[in-house]
Amino acid sequence: MTYLLSSTPVRYMMAALVSASVVFAISVGVSRNRPPSLIPWGLFAAGMAPYAAADTIWGLYQVREAEVPFPGVADWLYLGSYLLFTAGLVTLARQQAGRLHWAGLLDAGIVTLGFATLSWAFILAPYLRSDMSAWPLALSIAYPATDLVLLSVAARLMLTTGTRTPSFLLVIGWLVVLLTADGLYYGTQATSGTAVAQDASEVAWMISSLLLGAAALHSSVARPSHLAVDQEHLPPRRLTVLIALILMGPLIVLANVSGIRNQPVDVTVIVGMMAGLSLLLLLRIAFLAQYAQGRATALAASLREQAQLQEQLSHQATHDPLTGLANRALLNERLESALARCSIACPAGLVMLDLDGFKDVNDTLGHPAGDELLIDVAGRLAGRVRDQDLVARLGGDEFALLVEGVDSVALHDYAMRILDAFQDPFLLAQGDSVDLSTSIGARSISWPITPAEALRDADTALYRAKTAGKNQVAFFEPHQHPASPSRPHGAGLWRGPKGRT
Numbered sequence: 002m003t004y005l006l007s008s009t010p011v012r013y014m015m016a017a018l019v020s021a022s023v024v025f026a027i028s029v030g031v032s033r034n035r036p037p038s039l040i041p042w043g044l045f046a047a048g049m050a051p052y053a054a055a056d057t058i059w060g061l062y063q064v065r066e067a068e069v070p071f072p073g074v075a076d077w078l079y080l081g082s083y084l085l086f087t088a089g090l091v092t093l094a095r096q097q098a099g100r101l102h103w104a105g106l107l108d109a110g111i112v113t114l115g116f117a118t119l120s121w122a123f124i125l126a127p128y129l130r131s132d133m134s135a136w137p138l139a140l141s142i143a144y145p146a147t148d149l150v151l152l153s154v155a156a157r158l159m160l161t162t163g164t165r166t167p168s169f170l171l172v173i174g175w176l177v178v179l180l181t182a183d184g185l186y187y188g189t190q191a192t193s194g195t196a197v198a199q200d201a202s203e204v205a206w207m208i209s210s211l212l213l214g215a216a217a218l219h220s221s222v223a224r225p226s227h228l229a230v231d232q233e234h235l236p237p238r239r240l241t242v243l244i245a246l247i248l249m250g251p252l253i254v255l256a257n258v259s260g261i262r263n264q265p266v267d268v269t270v271i272v273g274m275m276a277g278l279s280l281l282l283l284l285r286i287a288f289l290a291q292y293a294q295g296r297a298t299a300l301a302a303s304l305r306e307q308a309q310l311q312e313q314l315s316h317q318a319t320h321d322p323l324t325g326l327a328n329r330a331l332l333n334e335r336l337e338s339a340l341a342r343c344s345i346a347c348p349a350g351l352v353m354l355d356l357d358g359f360k361d362v363n364d365t366l367g368h369p370a371g372d373e374l375l376i377d378v379a380g381r382l383a384g385r386v387r388d389q390d391l392v393a394r395l396g397g398d399e400f401a402l403l404v405e406g407v408d409s410v411a412l413h414d415y416a417m418r419i420l421d422a423f424q425d426p427f428l429l430a431q432g433d434s435v436d437l438s439t440s441i442g443a444r445s446i447s448w449p450i451t452p453a454e455a456l457r458d459a460d461t462a463l464y465r466a467k468t469a470g471k472n473q474v475a476f477f478e479p480h481q482h483p484a485s486p487s488r489p490h491g492a493g494l495w496r497g498p499k500g501r502t
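Laid out in structure tokens, this is it:
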């Protein structure tokens, strides 16, 4: 503001003072805050030194109201500082932790090529059509060319960085203001022959320098920056900006900026840049599609894993963890469903088993051997029934079998088949051979009753088999009173083949 309001020639030296102060600010900030790497900030300070020298030369000519020679020493100093800035930005970008994805580089490429189209139409092409001699023309083109290099690195930093500290944002602000001031200055000079907005550009250049100094002084410069994790992701706002940059070329031609349609070379260059932008956008969309497919695959895998986990939890809730058989909860559920459908035409049967002498196995061979024996018993039981039958472990050495569509005669055959499964001894992993028998209680059901009644009646029959000498089958008859299971009438007893008592 002081620069714009002051009318004295001394104001032209303000730019040199600001640039020199930035060199000092960077030195102080680096010494005090200790950034992860000193190299980029050393390059920034080294770049501001010739920048300050060039500002001093330019200011002295302005104070004396003399014409600044072009090209002159100041121009070479400015270009040298831009090269050092570029080296500092590249080094800063290399310090980022994380893996750089091609998607982020493509976004930076689209931004650079889009602004290159604008630079060609408003700066480079007008310079090339001018009657400037070789050296002034080369230097005039060098300024916007170095700006594009700075822009490409800045775009790469901005579009691929995930953690943006205040210091990082100040660096980006420095570049944005610097490049905007350059574009305003060289754009008006190329199209009108004079820098119409020279004062505004001069103020912007000083502001940009102050932003760089503030970035070094801010304490967040000590925190490292990290690359974005999902660089393939394309937010709607970024997509809008990329599409707008791609449309710049056609809009420039349609608007016939500076009579560009009458310049075949300019139209050819812009069309070529449009083709390059279109190719980059297609590649970007391909990366986006790949990213979406990866996310969809990951989501599908997550859903499958969740379904498997849910199935596993459901299985654990309804099955015995040791034998893998159904547990009491699943037996009750299946019983309730089966008994509700029971009739003379569709009878069902419930068989309960209790292993004889299992406690002796645990006491003599240990609980691991007992667990192994229970697993073997479960395997034998499952091998003697149909696929649609339900074998359950109720707890300890007690098992149950639910069969549907089986009358009392067939249920008798089932029970004897189960009893027969214990004829052969059980061979354990450690070489022990265990002779084991079982007592069985069975209940044939041909009309609806509750699961509690069915379990009670089968357990009553099982108690008769145990008290009658074990290794045998007892059937519950409807007229047998559960409180008097030892009464001999109404319940049949069948001894197992081993004939043991």
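Going by my numbering, the letters in the sequence shown line up with residues 2 to 502, in that order.
Ideal Cβ placement from N, Cα and C applies to all residues, glycine included.
DSSP three-state call for residue i: helix, strand or coil?
{"i": "L39", "result": "coil"}
{"i": "F476", "result": "strand"}
{"i": "A229", "result": "coil"}
{"i": "G48", "result": "helix"}
{"i": "D200", "result": "helix"}
{"i": "H320", "result": "strand"}
{"i": "T468", "result": "helix"}
{"i": "I441", "result": "strand"}
{"i": "R394", "result": "strand"}
{"i": "S131", "result": "coil"}
{"i": "T162", "result": "strand"}
{"i": "I345", "result": "coil"}
{"i": "I446", "result": "strand"}
{"i": "E68", "result": "coil"}
{"i": "G350", "result": "strand"}
{"i": "D433", "result": "coil"}
Could you compute how far the alpha carbon of residue i sits from the alpha carbon of residue j?
{"i": "M14", "j": "H227", "result": "39 Å"}
{"i": "R305", "j": "V154", "result": "42 Å"}
{"i": "L289", "j": "S315", "result": "38 Å"}
{"i": "L428", "j": "R296", "result": "52 Å"}
{"i": "V19", "j": "Y52", "result": "10 Å"}
{"i": "T192", "j": "G184", "result": "12 Å"}
{"i": "I40", "j": "A17", "result": "24 Å"}
{"i": "R387", "j": "L351", "result": "14 Å"}
{"i": "W59", "j": "A75", "result": "7 Å"}
{"i": "H234", "j": "L240", "result": "10 Å"}
{"i": "A349", "j": "G396", "result": "23 Å"}
{"i": "D355", "j": "T461", "result": "12 Å"}
{"i": "P452", "j": "D458", "result": "10 Å"}
{"i": "A54", "j": "F71", "result": "16 Å"}
{"i": "D321", "j": "R394", "result": "7 Å"}
{"i": "M207", "j": "A135", "result": "30 Å"}
{"i": "L106", "j": "Y186", "result": "29 Å"}
{"i": "F169", "j": "A94", "result": "11 Å"}
{"i": "S440", "j": "M417", "result": "11 Å"}
Where does residue i land, buried or exposed, given buried means 16+ other C-beta within 10 angstroms?
{"i": "G30", "result": "buried"}
{"i": "S344", "result": "exposed"}
{"i": "S82", "result": "buried"}
{"i": "N263", "result": "exposed"}
{"i": "K360", "result": "exposed"}
{"i": "V157", "result": "What sits at residue 157 in the sequence shown is Arg, not Val. The residue is buried, with at least 16 neighbouring Cβ atoms inside 10 Å."}
{"i": "L282", "result": "buried"}
{"i": "Q424", "result": "exposed"}
{"i": "V219", "result": "Correcting the residue type first, residue 219 is His in the shown sequence and not Val. It is buried - the Cβ of H219 has at least 16 other Cβ atoms within 10 Å."}
{"i": "D364", "result": "exposed"}
{"i": "P251", "result": "exposed"}
{"i": "R285", "result": "buried"}
{"i": "E405", "result": "buried"}
{"i": "W448", "result": "exposed"}
{"i": "G48", "result": "buried"}
{"i": "A122", "result": "buried"}
{"i": "L323", "result": "exposed"}
Less than 8 Å between C-beta atoms, sequence neighbours within five positions excluded: which residues of the same chain meet that for residue i?
{"i": "F116", "result": "L149, L152 and L246"}
{"i": "A430", "result": "E373"}
{"i": "S120", "result": "P145, D148, L149 and G184"}
Note down, in chain order, each residue of its chain lying with its Cβ closer than 7 Å to the Cβ of residue i, except the 5 sequence neighbours on either side.
{"i": "F25", "result": "none"}
{"i": "Y128", "result": "L138, S141, I142 and A191"}
{"i": "A217", "result": "A26, I27, G30, V31 and W42"}
Could you round the C-beta distance between residue i and residue j to whole angstroms and report it? I think they count as a contact, below 8 Å.
{"i": "I142", "j": "L114", "result": "That belief does not hold up - the Cβ atoms of I142 and L114 are roughly 17 Å apart, past 8 Å."}
{"i": "G442", "j": "A475", "result": "5 Å"}
{"i": "L437", "j": "G358", "result": "7 Å"}
Apart from the five residues just before and just after residue i, which ones in its own chain have a Cβ nearer than 6 Å to its Cβ?
{"i": "A383", "result": "V392"}
{"i": "L243", "result": "I111"}
{"i": "V407", "result": "G350"}
{"i": "F477", "result": "R444, D458, T461 and A462"}
{"i": "L160", "result": "G105, D108 and A109"}
{"i": "A21", "result": "A53"}
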